[in-house]
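Asker:
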Amino acid sequence: MDNKPENSPDTPSESVGVPAPEGEANLIDTDYKIGQDNYQANPMGVSIDIHGAVFVISSLLVLAFVVLTLALPEQSTGLFESMKNWINSNMSWFFLLSANIFLILCVVLILSPLGRVRIGGGNASPDFSYLGWFSMLFAAGMGVGLMFYGVSEPLTHYGTALGGISMGEAGARTDWAPLGAAEGNPSAAMSLGMAATIFHWGLHPWAIYAIVALSLAIFSYNKGLPLTIRSIFYPILGERIWGWPGHAIDILAVFATLFGLATSLGIGAQQAAAGLSHLFGVPDGNATLVLLITGITAVAIVSIVLGVDKGVKRLSQFNMVLAFLLLMFVVFVGPTLLIATGFVKNLGSYLVELPFLANPFGREDANFSQGWTTFYWAWWISWSPFVGMFIARVSRGRSVREFLTAVLLIPSIVSVFWMTAFGTAAIDQLQKGFEGATNSDLPIQLFEVLGQMPWTEVTSFVAIVLVIVFFITSSDSGSLVIDTITAGGKIDAPKPQRVFWGMIEGAIAIALLVGGGLAALQAVAVSAGLPFTLVLLAGCYAIVKGLMSEPRGK
């Protein structure tokens, strides 16, 4: 190992592992120096600074997964689908209960004196403006998902709720309606369908992200530990986090993050390709997907080279403006009054149904709670290392109360309004007799709804651009996160490493789409959610213990 001093003049890229706290903070007394176990070299003028064990093993695991999936697609898909089905059937209560714990803890911390603790020390100031911060929270967390599911999920829940309850021969429900359904009542079906949709995109998923992000931020920016998942376990494992227990935690984080991200990129590419085919008649096949992912990955690499402040922030702000314009178009051109009144009504329905939707025990709507909610919770948790670490990376200088309030409410409100606008427009079209969206494949449903409005070509093109830019920001943010983990927690590792991970993300998405492994990839991302639920529960204990030792501002 080449352990050069942190302030060595010939290693400018490693000048700072994690910024020191500004003002009062309670640093953890450890002899470990961030990056001390890293391998550093400069082959052919390209700087590298990697944690050998985490980087090498993560890379080999990723390669082995891709090779096996491509070589044995049917067997791999069957295995991973079986894993996902077992988790959905047997661990549904565990996921629902855990998500409730995460949300309750967030609310308790907001209301408690611990909310006055400032991330980065008592005198730390925010690195980004509110606008830049909010846009990055939204774009990195759920941008592609809202585009993909904004029409389809409200339509699906509305249809199943309206269809009512159906019973099988064994006396178990066979329908997919949430809770008790709303057979034959379009108004009640719409309220229940929107409440179920908002439940999956509102407070609970953002509480999951918030716990990971806050745990990482406090133990890195206030305690002086590396910005990696292993740091959350310090109150439990102590100095052992620097050994193989910590390596295993970080490797699992890389694996879950990389494949969860590649799945999202594959979904985004499918929707962008479907939009190009719908709008311009571009052939919707593997060749289009490969060219699309290659081109988008190239743009993402440019964003990576520019860095967070110039790359991710500017792209996120651009997409926020574009998303706002598309949203306002649907609001004012679509059923404006229904959307305006529906926002308040849907929010109320969500709050009324929340205790029942979040109930982990004795559920009769097994298909919905297991097939939808358990899938989503596992999916969000498998994404939590990626989104949580990126949120932590850009949230230094915020108080815990400010941080949790913003992370919980801002994206949730945006999601509620987005789902209300697109879902209401789609359901209104269905009630008026247009079944094009309902009868279409999921990637094309958004474009079918926009096709019933004026300026179809313009709005569809804007939607394609939105999907592509969300793809870029997700790839950019994900590369930053994975590089931080595989660089031993350094947040200023050489940029060629981020470029490497950006290329790997695109390559995995291409390989798995071409090889038919996207379904297996989604199943693995869900399966990764189970061990990370335990990580998050440990984070709940760790963050309370960590905050209690921190000085609290006035």
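Just so you know, the working numbering puts 378 at position 398 of the sequence shown, and the rest follows in order with no gaps. Glycine included, each C-beta is placed from N, C-alpha and C at the ideal position. These numbers were taken from a predicted model, which means no experiment stands behind them.
Which word fits G328, buried or exposed, when buried means at least 16 other C-beta atoms lie within 10 angstroms of its C-beta?
Answerer: What you label residue 328 is simply residue 348 of the sequence shown in a count that begins at 1. That one is exposed.
Asker: Pull up the CB-CB distance for L422 and S78, whole angstroms please, since I reckon it's below 8 Å.
Answerer: Stepping through the sequence shown from its first residue, residue 422 is reached at position 442. Stepping through the sequence shown from its first residue, residue 78 is reached at position 98. The pair is not a contact, with the Cβ atoms about 28 Å apart (cut-off 8 Å).
Asker: By Cβ distance, which residues of its chain are closer than 7 Å to D463, with the 5 residues on each side in sequence left out?
Answerer: The residue you call residue 463 lines up with position 483 of the sequence shown. Hits under 7 Å: A473, Q477, R478 and W481.
Asker: Here's the rule: buried if 16 or more other CB atoms are within 10 angstroms of the residue's CB, otherwise exposed. What is Y110?
Answerer: Along the sequence shown, read from residue 1 onward, the residue named residue 110 stands at position 130. Y110 is exposed by the Cβ-count criterion.
Asker: For M147, does the three-state DSSP call read helix, strand or coil?
Answerer: Indexing the sequence shown from 1 puts residue 147 at position 167. Looking at M147 - three-state DSSP - the assignment turns out to be strand.
Asker: Could you tell me whether the Cβ atoms of S364 and I523 are closer together than 8 Å?
Answerer: On the sequence shown, residue 364 is found 384 positions in, with the first residue counted as 1. On the sequence shown, residue 523 is found 543 positions in, with the first residue counted as 1. Against a cut-off of 8 Å, the Cβ pair of I523 and S364 comes out as no contact.
Asker: Look at the alpha carbon of S200 and the alpha carbon of L207, and state the distance between them as a whole number of angstroms.
Answerer: On the sequence shown, residue 200 is found 220 positions in, with the first residue counted as 1. On the sequence shown, residue 207 is found 227 positions in, with the first residue counted as 1. The straight-line gap from Cα to Cα measures roughly 5 Å.
Asker: Report the residue from M147, D408 and S392 whose alpha carbon sits nearest the alpha carbon of L117.
Answerer: What you label residue 117 is simply residue 137 of the sequence shown in a count that begins at 1. Nearest option by C-alpha distance: S392.
Asker: When DSSP labels each residue in this structure, what does V515 get in the three-state scheme?
Answerer: Translated into the one-based positions of the sequence shown, residue 515 becomes position 535. V515 falls in the helix class under three-state DSSP.
Asker: For I30, list the residues DSSP reports as bridge partners.
Answerer: The residue you call residue 30 lines up with position 50 of the sequence shown. Within the DSSP bridge table, the entry for I30 names Y19 as partners.
Asker: When you compare each of W66, Q20 and W181 to V506 by their alpha carbons, which one comes out closest?
Answerer: Within the sequence shown, numbered from 1, the residue matching residue 506 stands at position 526. Of W66, Q20 and W181, the residue nearest in Cα terms is W66.
Asker: On the DSSP bridge assignment, give the partners of R597 in chain order.
Answerer: It is not possible to answer for residue 597, since the shown part of the chain is limited to -19 through 534.
Asker: Give the DSSP bridge partners of R153, in chain order.
Answerer: Here the question's residue 153 lines up with position 173 in the sequence shown. Beta-bridge pairing links R153 to M147.
Asker: Rounded to a whole number of angstroms, what is the C-alpha to C-alpha distance between S349 and I28?
Answerer: Taking the first residue of the sequence shown as position 1, residue 349 is located at position 369. Taking the first residue of the sequence shown as position 1, residue 28 is located at position 48. Going from the Cα of S349 to the Cα of I28 covers about 46 Å.
Asker: Our contact map puts P134 next to G160 with C-beta atoms below 8 Å; I'd like the distance itself, whole angstroms only.
Answerer: As a working mapping, residue 134 is identified with position 154 in the sequence shown. As a working mapping, residue 160 is identified with position 180 in the sequence shown. Not a contact, Cβ separation roughly 18 Å.
Asker: Could you check if G3 is buried or exposed, using at least 16 other CB atoms within 10 Å of its CB as the buried criterion?
Answerer: Within the sequence shown, numbered from 1, the residue matching residue 3 stands at position 23. Burial call: exposed.
Asker: Contact between the stretch 95 to 110 and the stretch 400 to 420: three or more CB pairs below 8 Å?
Answerer: no
Asker: Would you kindly work out how many angstroms separate the C-alpha atoms of A33 and H227, rounded to a whole number?
Answerer: Numbered from 1 along the sequence shown, position 53 holds the residue referred to as residue 33. Numbered from 1 along the sequence shown, position 247 holds the residue referred to as residue 227. For A33 and H227, the gap between their C-alpha atoms comes out near 7 Å.
Asker: If distances are taken between C-alpha atoms only, which option among S454, P434 and I191 comes closest to C520?
Answerer: Here residue 520 refers to the residue found at position 540 of the sequence shown. Among S454, P434 and I191, the Cα nearest to that of C520 belongs to I191.
Asker: Taking 7 Å as the cut-off, is the CB of F239 close to at least one heavy atom of the ligand ADP?
Answerer: For the structure depicted, the ligand ADP is absent and the ligand set is empty, with no information on it obtainable.
Asker: In whole angstroms, what is the alpha-carbon distance linking L514 and A503?
Answerer: Sequence index remark: in the sequence shown, residue 514 carries index 534 (1-based). Sequence index remark: in the sequence shown, residue 503 carries index 523 (1-based). Looking at the two C-alpha atoms, the distance is approximately 18 Å.
Asker: To the nearest angstrom, how far is it from the Cα of V(-2) to the Cα of V279?
Answerer: One-based indexing of the sequence shown puts residue -2 at position 18. One-based indexing of the sequence shown puts residue 279 at position 299. C-alpha separation (whole angstroms): 28 Å.
Asker: In the structure shown, what three-state DSSP assignment does Y521 receive?
Answerer: Here the question's residue 521 lines up with position 541 in the sequence shown. Residue state, collapsed to three classes: helix.
Asker: Hey, quick one: how far does the alpha helix (DSSP H) through I281 stretch, first residue to last?
Answerer: Residue numbering aside, residue 281 sits at position 301 when the sequence shown is read from its first letter. N266 to L286 is the span of the alpha helix (DSSP H), which, as asked, contains I281.
Asker: Under a Cβ-count criterion, where at least 16 other Cβ atoms within 10 Å of its own Cβ denotes burial, should A176 be classed as buried or exposed?
Answerer: The residue you call residue 176 lines up with position 196 of the sequence shown. When all chains shown are included, A176 counts as buried.
Asker: What are the start and end residues of each continuous alpha helix (DSSP H) run of 4 or more residues lying completely inside the stretch 400 to 431, in chain order?
Answerer: Listed in chain order, they are 422 to 430.
Asker: Do F128 and I247 come within 8 Å of each other at the CB atom, strictly closer than that value?
Answerer: Here residue 247 refers to the residue found at position 267 when the sequence shown is read from its first residue. Here residue 128 refers to the residue found at position 148 when the sequence shown is read from its first residue. Going by C-beta atoms, I247 is nearer than 8 Å to F128.
Asker: Mapping DSSP to helix, strand and coil, what is I471?
Answerer: Translated into positions along the sequence shown, residue 471 becomes position 491. Note: I471 maps to coil in three-state DSSP.
Asker: To the nearest angstrom, how far is the alpha carbon of S283 from that of D456?
Answerer: Start at 1 with the first residue of the sequence shown, and residue 283 comes out as number 303. Start at 1 with the first residue of the sequence shown, and residue 456 comes out as number 476. S283 and D456 have their C-alpha atoms roughly 7 Å apart.
Asker: Where N326 and V310 are concerned, what is the direct C-alpha to C-alpha distance, given to the nearest angstrom?
Answerer: The count along the sequence shown starts at 1 and reaches residue 326 at position 346. The count along the sequence shown starts at 1 and reaches residue 310 at position 330. Rounded to whole angstroms, N326 to V310 spans 17 Å at the Cα level.
Asker: Along the chain, where does the alpha helix (DSSP H) that runs through G248 open and close?
Answerer: As a first step, residue 248 must be located in the sequence shown, where it is residue number 268. G248 -> alpha helix (DSSP H) spans W224 to F260.
Asker: If distances are taken between C-alpha atoms only, which option among G377, L410, T354 and F341 comes closest to Y138?
Answerer: Your numbering for residue 138 matches position 158 in the sequence shown. The shortest C-alpha separation from Y138 is found at L410.
Asker: Determine the contact status of F451 and I276, defining contact as a CB-CB distance below 8 Å.
Answerer: Looking up residue 451 in the sequence shown gives position 471. Looking up residue 276 in the sequence shown gives position 296. Result yes, Cβ atoms of F451 and I276 sit closer than 8 Å.
Asker: Starting from V447, trace the alpha helix (DSSP H) in both directions and tell me its first and last residue.
Answerer: By 1-based counting over the sequence shown, the position of residue 447 is 467. Its alpha helix (DSSP H) spans residues T436 to T466.
Asker: Suppose you measure from the CA of A406 to the CA of A193; what does that come to, to the nearest Å?
Answerer: On the sequence shown, position 426 is the one that residue 406 refers to. On the sequence shown, position 213 is the one that residue 193 refers to. Going from the Cα of A406 to the Cα of A193 covers about 35 Å.
Asker: Output needed for G617: all residues of its chain with C-beta closer than 8 Å, excluding positions within five of it in sequence on either side, in chain order.
Answerer: Examination of residue 617 is not possible in this model, given that the chain is present from -19 through 534 alone.
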